[in-house]
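Taken in sequence, the protein lines are chains A and B. Numbering follows the numbering used here, in which position 11 of the first sequence is assigned residue number 11; successive positions increment by one, without gaps. Numbering follows the numbering used here, in which position 136 of the second sequence is assigned residue number 150; successive positions increment by one, without gaps. Glycine is no exception: its CB is placed at the ideal position from the N, C-alpha and C atoms.
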Amino acid sequence: TTTQGRLDSFFKIS
Amino acid sequence: MFEARLVQSSILKKVLEAIKELLNEATFDCSDSGIQLQAMDNSHVSLVSLNLRSDGFDKYRCDRNLSMGINLASMSKIMKCAGNDDVLTMKAQDNADLVTFMFESQNQEKVMDYEMKLMNLDQEHLGIPETDYSCVIKLPSQEFARIVRDLSQFGESVVISCTKEGIKFSAGGDIGNANIKLAQTSNVDKDEDAVTIEMQEPVSLTFACRYLNSFAKATPLSPQVQLSMSADVPLVVEYKIGDIGHIRYYLAPKIED
Numbered sequence: 001t002t003t004q005g006r007l008d009s010f011f012k013i014s
Numbered sequence: 015m016f017e018a019r020l021v022q023s024s025i026l027k028k029v030l031e032a033i034k035e036l037l038n039e040a041t042f043d044c045s046d047s048g049i050q051l052q053a054m055d056n057s058h059v060s061l062v063s064l065n066l067r068s069d070g071f072d073k074y075r076c077d078r079n080l081s082m083g084i085n086l087a088s089m090s091k092i093m094k095c096a097g098n099d100d101v102l103t104m105k106a107q108d109n110a111d112l113v114t115f116m117f118e119s120q121n122q123e124k125v126m127d128y129e130m131k132l133m134n135l136d137q138e139h140l141g142i143p144e145t146d147y148s149c150v151i152k153l154p155s156q157e158f159a160r161i162v163r164d165l166s167q168f169g170e171s172v173v174i175s176c177t178k179e180g181i182k183f184s185a186g187g188d189i190g191n192a193n194i195k196l197a198q199t200s201n202v203d204k205d206e207d208a209v210t211i212e213m214q215e216p217v218s219l220t221f222a223c224r225y226l227n228s229f230a231k232a233t234p235l236s237p238q239v240q241l242s243m244s245a246d247v248p249l250v251v252e253y254k255i256g257d258i259g260h261i262r263y264y265l266a267p268k269i270e271d
């Protein structure tokens, strides 16, 4: 099974 | 004073179709260099990054940087009022709470003005790191849209695998499994029909079909689409917008538990 990743963990919010 | 004139208003109509399924509202950042938009969908799984360069407009003036918070459903209603061949001019005063869309017929006998209220939106800018992607694939945009649509029937996810031999799109579910392989084209009459692969390392990643289908709404903007992939980082799906700019979608991969 897979879970959907979120962009927050890849990109930095500024 | 901000003023941007586009002889082909159809470009902005298509841009709106390409983003309104993912985003309810977004900030259009207008500066001397052009119009930029960067926004994530509500679930923070995908990001839309739009860039329209000032030199791609038929007339462009932006005296002061302006951030226009726009409800995209409202803007879509207005853009539907424009004919494909109408000339579009967007106008706003400095610090305005309104933007005006003016549509003129080619013969200038019909002129339409639509004023839209702007919104105050919280700006959340994402720093996207420069990445050297392991695989960069270019393929006809209609082909990509078709593949994603077809595979969506089989399951919620599609696995995109890229090797030197080609790209494979796979999906599986209750009714069975589906695999679509595309090889790099050797010779095609038209560049836009080509499939090209630049690969440093093979990559295989899993993505949600729902988002890929939303990205494919940008198909009318460009005959080709570019997919950039590296292990464990978001996919980039890019459509060029004529000589004026591009729209890029970023999509977080699904992760094995």
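Neighbour list for residue i in chain A, Cβ cutoff strictly below 7 angstroms
i        : result
LYS268/B : THR2, THR3, GLN4, GLY5
SER242/B : Within chain A, no residue comes near SER242/B; the closest Cβ sits about 14 angstroms away, beyond 7 angstroms.
THR280/B : Residue 280/B cannot be examined here, being either before or after the span of chain B that is shown, 15 to 271.
PRO248/B : LEU7, PHE10
HIS58/B  : ARG6, LEU7, ASP8
MET54/B  : LEU7
Close-in-space but distant-in-sequence residues of the same chain around residue i (CB under 6 angstroms, 5 per side omitted)
i        : result
LEU196/B : GLY180, ILE181, VAL209
ASP43/B  : GLN50, SER81
VAL162/B : LEU226, ASN227, ALA230
Whether residue i touches residue j by CB criterion (8 angstroms)
i        : j        : result
ASP188/B : THR1/A   : no
MET130/B : MET89/B  : yes
ILE261/B : LEU235/B : yes
PHE158/B : VAL247/B : no
LEU132/B : PHE117/B : no
LEU265/B : MET243/B : no
VAL29/B  : ILE255/B : yes
PRO237/B : GLU212/B : no
SER47/B  : ARG78/B  : no
ASN109/B : GLU39/B  : no
ASN98/B  : SER24/B  : yes
SER171/B : ALA222/B : yes
LYS113/B : MET104/B : Note on residue identity: the sequence assigns Val, not Lys, to residue 113/B. Yes.
LYS34/B  : ALA87/B  : yes
Beta-carbon neighbours of residue i, restricted to chain A and to distances below 8 angstroms
i        : result
TYR263/B : The premise fails here: TYR263/B is roughly 11 angstroms from chain A at the closest Cβ pair, so nothing lies under 8 angstroms.
LEU61/B  : LEU7, PHE11
Inter-residue CB distance, residue i and residue j (contact presumed, cutoff 8 angstroms)
i      : j       : result
GLN4/A : VAL59/B : 6 angstroms
Proximity test, residue i beta-carbon vs the ligand GDP heavy atom, cut-off 7 angstroms
i        : result
LEU196/B : For the structure depicted, the ligand GDP is absent and the ligand set is empty, with no information on it obtainable.
Chain-ordered chain A contacts of residue i [CB-CB under 9 angstroms]
i        : result
ASP271/B : THR1, THR2, THR3
8 angstroms Cβ shell around residue i - same chain, five flanking residues per side excluded
i        : result
PHE168/B : ALA185, GLY186, GLY187, ILE189, GLY190, ASN191, ALA192
To test your reading of the DSSP string, which unbroken beta strand (DSSP E) runs of 3 or more residues are found completely within the region 42-86 of chain B? If we require 3 residues or more, the beta strand (DSSP E) runs fully inside the region 42-86 of chain B come out as 48-54, 60-67, 73-76, 80-85.
What beta strand (DSSP E) runs, 3 residues minimum, are completely inside the region 185-212 of chain B? If we require 3 residues or more, the beta strand (DSSP E) runs fully inside the region 185-212 of chain B come out as 190-197.
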